[in-house]
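There are 2 protein chains.
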Amino acid sequence: MSKIKATKNNSTTDVICKSAAQLFRTNGFKNSSMRMLAQSLGVEAPSLYNHIGSKSEMLQHICTKVANDFGAHMVSLEEEELTAVAKIEKIIRFHVKMMLKHFDEVYVANHDWRYLDAADLTAFLQQRKAYETAMVQIVKNGIHNKEIANIHPQIVVLTILSALRGLEFWEKYKQHLHTKTLENNIVQLLLKGIKL
Amino acid sequence: MSKIKATKNNSTTDVICKSAAQLFRTNGFKNSSMRMLAQSLGVEAPSLYNHIGSKSEMLQHICTKVANDFGAHMVSLEEEELTAVAKIEKIIRFHVKMMLKHFDEVYVANHDWRYLDAADLTAFLQQRKAYETAMVQIVKNGIHNKEIANIHPQIVVLTILSALRGLEFWEKYKQHLHTKTLENNIVQLLLKGIKL
DNA sequence: CCTACCGATCGGTAGG
DNA sequence: CCTACCGATCGGTAGG
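Just so you know, the protein sequences line up as chains A and B, in that order.
Under this note's numbering, think of the first position of the first sequence as 1, with each following residue one higher.
Under this note's numbering, think of the first position of the second sequence as 1001, with each following residue one higher.
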């Protein structure tokens, strides 16, 4: 008897993980209990274990999904023939899109990855490192091509990624700011900052 | 009999809070126990309560200190006669200095403020909002004076503050990057991004 | 400063 | 899907 409804595109497990992401985002992973998650889904806590293996498995599921999405975009970008600045612009716009579409999951991946189990933690950090390295390479090429100012590439990348992480604060401004305005303004600010 | 040593400038309570900040930064507030804190100080957990009132009181102490430091700097800045861009530059350099000098405390204030008790949480968020508002005002003045490009002021401020928050990731690069290079590069990138 | 200990809450299992 | 329940861990107190 399923009280938790699966939909055409989402299994029962997916529905639970979606609820979990929202809960973790609001309360933090460690401050979210399985009893709270169960209540939000209208069942008792032990019933959840018919669909998921453990609390940390849900966290792993969320973090892996996010890391894979970003990683896949970076790989597809590496195959494109674009200037370095155009690639950075695409990365910025992708981050905005991800944040709007999968806000809870991206937020959780950014905040609670440190609670991943040892093996998953290593894999996650490796993926993140690879993402950073790929971006550093793009910036290096841009400096070499005289597209980008001669700022330390590592600093350029960390500054841009940190600025984009700040998208998580923009939820509360959604009513006042149009999404496209937001996106175009941040692209303008960051690209002008790095251009030669 | 004090096992925890007070120094000339720091009371026993300060020494405990400093240790707590380090612990909270490493493990997160909710994942740090009073038993862990006691162990790092070489005493048993109940002994801590001779010097501090509660776990959340220490968090409040840390967050309040950080918020006050940033707030005081902003107030002193408002009294100075400087261009808008020069004020933004001073803010950026102050953030870098704070992050280097009080890394644990700033990190904890940025991450774990949501675990503050209701009253302290309200006060903290009010201080942060006031800080943001003051910065938005500086940017508005800069746009009006044709110093700063016509980007939405709220977006400028959130982007800069988010980028500066990313300073917390720079610890691991300390060996490879000189502090002043780091500071000058981020100033260059962000200021060029906003200048007209 | 310590030992002893309390009530609350946690993730998860047994069994149906 | 539920009820009943376990062992572990938590923040904090009592009493000396």
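No residue lacks a Cβ here, since even glycine has one placed at the ideal position from N, Cα and C.
(message) So, for Met-74 of chain A: in the same chain, excluding its five sequence neighbours on each side, which residues have a beta-carbon less than 7 Å away from its beta-carbon?
(response) What you label residue 74 of chain A is simply residue 74 of the first sequence in a count that begins at 1. So the qualifying residues of the chain are Tyr-131, Ala-134.
(message) Please report whether the beta-carbon of His-1095 of chain B lies at a distance below 7 Å from any beta-carbon of chain A.
(response) Locating residue 1095 of chain B in the second sequence gives position 95, counting from the first residue. It does not; no Cβ of chain A falls within 7 Å.
(request) Provide the residue(s) that pair with Ile-148 of chain A in DSSP beta bridges, ordered along the chain. (result) Position 148 of the first sequence, counted from the first residue, corresponds to residue 148 of chain A. Beta-bridge pairing links Ile-148 of chain A to A:Lys-195.
(message) So with CB distances below 7 Å, who are the chain A contacts of Ala-1163 of chain B?
(response) What you label residue 1163 of chain B is simply residue 163 of the second sequence in a count that begins at 1. Against chain A, the beta carbon of Ala-1163 of chain B has neighbours under 7 Å at Thr-159, Ser-162, Ala-163, listed in chain order.
(message) As a quick exercise: from B:Asn-1145, B:Ala-1021, B:Tyr-1049, B:Tyr-1173, pick the residue whose alpha carbon is nearest that of Leu-1082 of chain B.
(response) What you label residue 1082 of chain B is simply residue 82 of the second sequence in a count that begins at 1. It is B:Asn-1145.
(request) For the alpha helix (DSSP H) holding Tyr-115 of chain A, just list the boundary residues, first then last. (result) Indexing the first sequence from 1 puts residue 115 of chain A at position 115. In the DSSP assignment, Tyr-115 of chain A falls outside any alpha helix (DSSP H) and carries neither an H nor an E.
(request) Kindly say whether Phe-169 of chain A, judged by its beta-carbon, lies nearer than 7 Å to any beta-carbon of chain B. (result) Along the first sequence, read from residue 1 onward, the residue named residue 169 of chain A stands at position 169. Answer yes: the Cβ-Cβ gap between Phe-169 of chain A and chain B drops below 7 Å somewhere.
(request) Indicate the three-state DSSP secondary structure (helix, strand or coil) for Ser-1056 of chain B in the structure shown. (result) Here residue 1056 of chain B refers to the residue found at position 56 of the second sequence. Looking at Ser-1056 of chain B - three-state DSSP - the assignment turns out to be helix.
(request) Could you tell me if Gly-1053 of chain B is buried or exposed, where buried requires 16 or more neighbouring beta carbons within 10 angstroms of its beta carbon? (result) The residue labelled residue 1053 of chain B in the question sits at position 53 within the second sequence. Gly-1053 of chain B should be labelled exposed.
(message) Rounding to the nearest angstrom, what Cα-Cα distance links Met-1058 of chain B and Leu-1161 of chain B in this structure?
(response) The residue you call residue 1058 of chain B lines up with position 58 of the second sequence. The residue you call residue 1161 of chain B lines up with position 161 of the second sequence. So the two alpha carbons sit approximately 25 Å from each other.
(request) Along the alpha helix (DSSP H) that carries Leu-1048 of chain B, what are the first and last residues, could you check? (result) By 1-based counting over the second sequence, the position of residue 1048 of chain B is 48. Neither: Leu-1048 of chain B is in no alpha helix (DSSP H) and is coded neither H nor E.
(request) Would you tell me roughly how many angstroms separate the C-alpha atoms of Lys-87 of chain A and Ser-1056 of chain B, rounded to the nearest one? (result) Residue mapping note: residue 87 of chain A aligns to position 87 of the first sequence, counting from 1. Residue mapping note: residue 1056 of chain B aligns to position 56 of the second sequence, counting from 1. Going by the C-alpha atoms only, they are around 45 Å apart.
(request) State yes or no: is the beta carbon of His-1152 of chain B nearer than 7 Å to at least one beta carbon in chain A? (result) As a position in the second sequence, residue 1152 of chain B is number 152, starting the count at 1. By this cut-off, His-1152 of chain B is an interface position.
(request) Classify Ser-1002 of chain B as helix, strand or coil using the three-state DSSP reduction. (result) Within the second sequence, residue 1002 of chain B is the residue found at index 2, counting from 1. The answer is coil: DSSP assigns Ser-1002 of chain B none of H, G, I, E or B.
(request) Identify the contact partners of Thr-1181 of chain B in chain A, using a Cβ-Cβ distance below 9 Å as the criterion. (result) In the second sequence, the residue the question calls residue 1181 of chain B occupies position 181. Here the neighbours are His-152, Ile-155.
(request) For Gln-188 of chain A, go through chain B and note every residue whose CB falls closer than 9 Å to its CB, in chain order. (result) Translated into the one-based positions of the first sequence, residue 188 of chain A becomes position 188. What Gln-188 of chain A touches in chain B: Ala-1149, Ile-1151, Gly-1193.
(message) Which residues in chain A have a C-beta closer than 7 Å to the C-beta of Asn-1110 of chain B? List them in chain order.
(response) The sequence position of residue 1110 of chain B within the second sequence is 110, counting from 1. Near Asn-1110 of chain B there are no residues of chain A at all, since even the closest Cβ is about 11 Å away, more than 7 Å.
(request) Might you give, ordered along the chain, the residues of its own chain that have their beta carbon closer than 8 Å to the beta carbon of Asn-1110 of chain B, omitting 5 neighbours on each side? (result) Within the second sequence, residue 1110 of chain B is the residue found at index 110, counting from 1. Scanning its chain for C-beta atoms nearer than 8 Å, with the 5 sequence neighbours on each side dropped, one finds around Asn-1110 of chain B the residues Arg-1165, Glu-1168, in chain order.
(message) Cβ closer than 9 Å: which chain B residues qualify as neighbours of Leu-116 of chain A?
(response) Against the first sequence, residue 116 of chain A aligns to sequence position 116. Those do not exist, as Leu-116 of chain A stays about 13 Å from chain B at its closest Cβ, beyond 9 Å.
(request) Pick helix, strand or coil for Ser-1040 of chain B, following the three-state DSSP scheme. (result) For this step, residue 1040 of chain B is matched to residue 40 along the second sequence. Of the three classes helix, strand and coil, the one that applies to Ser-1040 of chain B here is helix, per DSSP.
(message) Quick check on DSSP: helix, strand or coil for Glu-1171 of chain B?
(response) Position 171 of the second sequence, counting from 1, holds the residue named residue 1171 of chain B. Glu-1171 of chain B falls in the helix class under three-state DSSP.
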